[in-house]
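Structure first, then comments.
Numbering (this note's numbering), first residue to last: 7 to 212.
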């Protein structure tokens, strides 16, 4: 007795092949989606770890700490503290705390020259000092209080800074020998090179 022979139509073979392709494609798509999801999750986790490591650097700054640096003085005077100082007192303070770097007469040593230079800005060898170059007397106060003396910044009192400003301005011929400076009188000083600067339009168009 012979085994029965099964005849399969050619169209059926084609349909079975297409079905196999569809099933395989679905399996591959599922694997791809799973791989993408795993990769996205790993990327998100890595970013989270990176942000945590960055956030761990340093420590939050407090208002108390920050207030010590909020000492800026505007060109027209806002920010100047209470206090006052005169030329003679400024000379004594300068000799004790500033001359070692700036010279006994402010002529400059390892520190910048502070005095002199009038009329040199347009020459081949300009001397940019407080008297010849700086446009605002208030900037002198701000810089001394913020950064000087070099080895002990912010150690000077407001009275000492007013006195030093008075002495430096006096030696540059800007205030008289009996000048006594405070917030009002310092802001009222017009420096020789006040009009030697132009406003910076940035940000914006040049």
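Beta carbons are placed, not taken as given, at the ideal position from N, Cα and C, and that holds for glycine.
Work out the CA separation of residue j and residue i for me, nearest whole Å.
{"i": "residue 195", "j": "residue 209", "result": "29 Å"}
{"i": "residue 149", "j": "residue 117", "result": "14 Å"}
{"i": "residue 68", "j": "residue 126", "result": "46 Å"}
{"i": "residue 62", "j": "residue 56", "result": "10 Å"}
{"i": "residue 101", "j": "residue 207", "result": "41 Å"}
{"i": "residue 178", "j": "residue 53", "result": "59 Å"}
{"i": "residue 87", "j": "residue 143", "result": "14 Å"}
{"i": "residue 114", "j": "residue 51", "result": "58 Å"}
{"i": "residue 33", "j": "residue 47", "result": "Reliability fails at residue 33, whose pLDDT of 48 lies under 50, so the model's placement of it is uncertain and the value that follows must be treated cautiously. Each residue's Cα considered, the two are about 21 Å apart."}
{"i": "residue 3", "j": "residue 153", "result": "The chain is shown from 7 up to 212; residue 3 falls before or after that span and cannot be answered."}
{"i": "residue 190", "j": "residue 139", "result": "22 Å"}
{"i": "residue 64", "j": "residue 157", "result": "25 Å"}
{"i": "residue 137", "j": "residue 163", "result": "23 Å"}
{"i": "residue 75", "j": "residue 155", "result": "16 Å"}
{"i": "residue 112", "j": "residue 81", "result": "23 Å"}
{"i": "residue 44", "j": "residue 70", "result": "46 Å"}
{"i": "residue 66", "j": "residue 205", "result": "36 Å"}
{"i": "residue 6", "j": "residue 90", "result": "With the chain running from 7 to 212 in the structure shown, residue 6 is simply not present."}
Counting C-beta neighbours from all protein chains within 10 Å, is the total for residue i 16 or more, i.e. buried, or is it exposed?
{"i": "residue 58", "result": "exposed"}
{"i": "residue 166", "result": "buried"}
{"i": "residue 73", "result": "exposed"}
{"i": "residue 77", "result": "exposed"}
{"i": "residue 108", "result": "buried"}
{"i": "residue 200", "result": "exposed"}
{"i": "residue 176", "result": "buried"}
{"i": "residue 203", "result": "exposed"}
{"i": "residue 49", "result": "exposed"}
{"i": "residue 171", "result": "buried"}
{"i": "residue 135", "result": "buried"}
{"i": "residue 128", "result": "exposed"}
{"i": "residue 98", "result": "exposed"}
{"i": "residue 169", "result": "buried"}
Pull the bridge partners of residue i from the DSSP assignment, please.
{"i": "residue 201", "result": "Note: residue 201 sits in no beta bridge, so no partner."}
{"i": "residue 186", "result": "92"}
According to DSSP, is residue i part of a helix, a strand, or is it coil?
{"i": "residue 162", "result": "coil"}
{"i": "residue 152", "result": "helix"}
{"i": "residue 49", "result": "helix"}
{"i": "residue 173", "result": "helix"}
{"i": "residue 208", "result": "coil"}
{"i": "residue 167", "result": "helix"}
{"i": "residue 140", "result": "coil"}
{"i": "residue 194", "result": "coil"}
Strictly under 9 Å for the Cβ-Cβ distance: is residue i near chain D by that measure?
{"i": "residue 44", "result": "Within the model displayed, chain D is absent; a lone protein chain is all it includes."}
### Task
Could you pull out every unbroken alpha helix (DSSP H) segment of at least 4 residues lying fully inside the region 58-135, listed in chain order?
Segments of the alpha helix (DSSP H) lying fully in the region 58-135: 69-73, 93-103, 105-108.
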